[in-house]
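S.K.: One structure is given below, represented as structure tokens, and several questions about it will come after.
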Amino acid sequence: MLDRTVAPPLQPLARVALPTAEVMPLPNAARLHVLANAAQPVVRLQVVLPAGKITEPKPSLALLTARMLLEGTATRTARQIADEVAFFGASLDCESGPDRAMLTLYCLTRHLPTLLPLVHEVLTQPTFPEQELAQLKTRTVQNVQVERRKASYRASERFNENLFGPAHPYGQLFDEEAFLALSSADAQAFHRAAYPLGGAEIFLSGDVAEHRQLVADVLGQGPAGAPALALPGAPAAFRPGPDHVVVPGSLQASLRIGRPWPNPRHPETHQLNLLVKVLGGYFGSRLMRNIREDKGLTYGISAGVTSREQATSLVIGTDVKGDSAPLAVSEIQHELRRLQEELVPADELETVKNYTLGKFANDLSTVFEQADKYRNIVLMHLPADYYTQFVQQIEATDAPTLQRLAQEYLSPDAMQVVVAGA
1 MLDRTVAPPL QPLARVALPT AEVMPLPNAA RLHVLANAAQ PVVRLQVVLP AGKITEPKPS
61 LALLTARMLL EGTATRTARQ IADEVAFFGA SLDCESGPDR AMLTLYCLTR HLPTLLPLVH
121 EVLTQPTFPE QELAQLKTRT VQNVQVERRK ASYRASERFN ENLFGPAHPY GQLFDEEAFL
181 ALSSADAQAF HRAAYPLGGA EIFLSGDVAE HRQLVADVLG QGPAGAPALA LPGAPAAFRP
241 GPDHVVVPGS LQASLRIGRP WPNPRHPETH QLNLLVKVLG GYFGSRLMRN IREDKGLTYG
301 ISAGVTSREQ ATSLVIGTDV KGDSAPLAVS EIQHELRRLQ EELVPADELE TVKNYTLGKF
361 ANDLSTVFEQ ADKYRNIVLM HLPADYYTQF VQQIEATDAP TLQRLAQEYL SPDAMQVVVA
421 GA
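Just so you know, the sequence shown maps onto residues 1 to 422 in UniProt numbering.
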């Protein structure tokens, strides 16, 4: 009989290798990456273009252009696009991030041939109609105004501004006046410059075996070659130190503490990620035990690494009562120093390793999650065995290595500290 009072034995994670993607160069010089898995009759198509914030000639133009793609094309209105997508039970959206824009389609496999012409038209023939443009600008500004009443939003804004500099796209604040001044002509010009399909990385995953050539034929059309876009220089030199953002009427204080961080191509990137897990990357982390469990200052606190193509950062974030902010900052700095001064105990290190590897295995449970990992390798220019090395290096990491890395990268004096609140 099964004894449910005894936990099952832990099993070491076997070596992990992502499924091999088929890479098809297209006539227009785009690349189609295919990860086939016929377990479910569902497909995801993602078209990634160099149309992110770092390529925009005017502030927030990349955001506006991406969101306007679904607001009207040469043959369809916004309502017709939405109705056609809904009729087939599909999902279609386009968002612009710091580095790139990505259009994503989810649909049943049998509907892909019908929806592909719509995807191509949305990408290549948007009309940026004036009425929809005005409505989108109004909604976006209203949403930002609401968000800026929150201490957490203001803290993140100021943290990025301080970390990357106000002149760099990663650090620029949303400018309502500049955004409202953007025109349909601005969006059309940016679309011509940044959205030619010759500059695309196209990721097709799921039950795709019968349709890969069709996708190649439809999205391989057009002029060959990637667009030549001007990129900004490196972010401004970072100066650590404290900063306070006044948020009138806020009863809470939102904290953002961090610094520039080695990019994922760093030879010890996996050990660095494990160090961040120990600090604040899971529910049983040092920061959670201290700030939440012992001091009762917050419902949650986390530390994580954000990787962009031009810069990577470590961010520690939490919300506390306004008068508890100084104590919270002090205790966070205490935990940073502990990692520099003391070896991580063997049982704690084993727990964090098991959590990290278990979560990694769980994050590979579907073909779409596997495709996400593969896409990260392509866009961040990582080695093909990046995730295989992840497992091996996490297993091999010891406490002295983590202490050495903490001494190099986790000095409290090297951190930007932003507190937003009343």
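Glycine is no exception: its CB is placed at the ideal position from the N, C-alpha and C atoms.
Determine the closest residue to residue 307 out of 99, 93, 90, with distance taken between C-alpha atoms.
M.R.: 99
S.K.: What would DSSP say about residue 243, mapped onto helix, strand or coil?
M.R.: strand
S.K.: Residue 65 lies in the alpha helix (DSSP H); which residues open and close that run?
M.R.: 61-68
S.K.: Under the three-state reduction of DSSP, which class applies to residue 231: helix, strand or coil?
M.R.: coil
S.K.: Suppose you measure from the CA of residue 161 to the CA of residue 172; what does that come to, to the nearest Å?
M.R.: 6 Å
S.K.: Report the rounded CA-to-CA distance for residue 154 versus residue 270, giving the unit in angstroms.
M.R.: Computed Cα separation, rounded: 31 Å.
S.K.: In angstroms with no decimal places, state the Cα-to-Cα distance between residue 139 and residue 178.
M.R.: Approximately 15 Å, taken between the alpha carbons.
S.K.: Grab the span of the beta strand (DSSP E) containing residue 205 for me, first residue to last.
M.R.: That run of the beta strand (DSSP E) goes 201-206.
S.K.: Cα separation between residue 76 and residue 132?
M.R.: If I take the Cα positions, the gap works out to 13 Å.
S.K.: In three-state DSSP terms, what is residue 24?
M.R.: strand
S.K.: Using 8 Å as the threshold, is the region 259-277 in touch with the region 190-201, meaning 3 or more CB pairs across them?
M.R.: The answer is no - the region 190-201 does not touch the region 259-277, with fewer than three Cβ pairs under 8 Å.
S.K.: For residue 386, which residues of its own chain have a beta-carbon under 7 Å away from its beta-carbon, when the five flanking residues on both sides are left out?
M.R.: 377
S.K.: Any idea what DSSP makes of residue 364, helix, strand or coil?
M.R.: coil
S.K.: Alpha carbon to alpha carbon, how far is residue 34 from residue 110? Give it in angstroms, no decimals.
M.R.: 17 Å
S.K.: From 337, 79, 73, 66, pick the residue whose C-alpha is nearest to that of residue 101; which is it?
M.R.: 66
S.K.: With DSSP run on the structure shown, which of helix, strand or coil describes residue 355?
M.R.: helix
S.K.: Is the region 404-421 in contact with the region 330-338, if contact means three or more CB pairs nearer than 8 Å?
M.R.: yes
S.K.: Curious, which full-length beta strand (DSSP E) runs of at least 3 residues does the UniProt domain "Peptidase M16 N-terminal" (37-150) contain?
M.R.: 42-49, 91-96, 101-108
S.K.: Consult DSSP for residue 260 and reduce its assignment to one of helix, strand or coil.
M.R.: Strand.
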